[in-house]
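> Here's a structure for you.
Numbering (the UniProt record's numbering), first residue to last: 1 to 146.
Now the structure itself:
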């Protein structure tokens, strides 16, 4: 990373760290080509994204959700009623990806849910929606700018 980009990333990182977390979204690897990453979403819509390839962490990507997407995310969290979810929805299969959601309120962890398969449809739909949103924004950020 060159000097200017390093300073900007550090500045963004410091700003994100002083902000309280809203949600940690984690996708574990599978035996196929499943994307694996950790995405920490903060109250202000900033996201710290770390992708894993061959079990090695890649660079951290920092990006910001637009205001409308952040508002939609908070509405989706309310509809999810995450406190009513079980702590885990696991599978007997060992080769599928696990999605872990850690929910925060006032900067404190209040609920963690591990999901492999099954579970309520609202959970499955929320995870699919959030994965698409995060993955799209991360891919946009990874594209080179000339």
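Where a beta carbon is used, it is the ideal one built from N, C-alpha and C, also for glycine.
Going by the DSSP bridge assignment, what does residue 36 pair with across the sheet?
Partner(s): 52.
> Where does residue 51 land, buried or exposed, given buried means 16+ other C-beta within 10 angstroms?
buried
> Considering only the alpha carbon of each residue, which of 49, 94, 118, 74 lies closest to residue 104?
That would be 74, whose Cα lies nearest to the Cα of residue 104.
> With contact counted as at least three CB pairs below 8 Å, one residue from each stretch, are the stretch 91 to 107 and the stretch 23 to 32 in contact?
yes
> In terms of alpha-carbon separation, which member of 124, 135, 140, 137 lies closest to residue 76?
124
> Short of 8 Å in beta carbon distance, which residues of its chain neighbour residue 129, apart from the five on each side in sequence? Order them along the chain.
76
> Can you tell me where the alpha helix (DSSP H) holding residue 128 begins and where it ends?
From DSSP, the alpha helix (DSSP H) with residue 128 extends over 121 to 142.
> With residue 112 as the anchor, note down where its beta strand (DSSP E) starts and where it stops.
108 to 115
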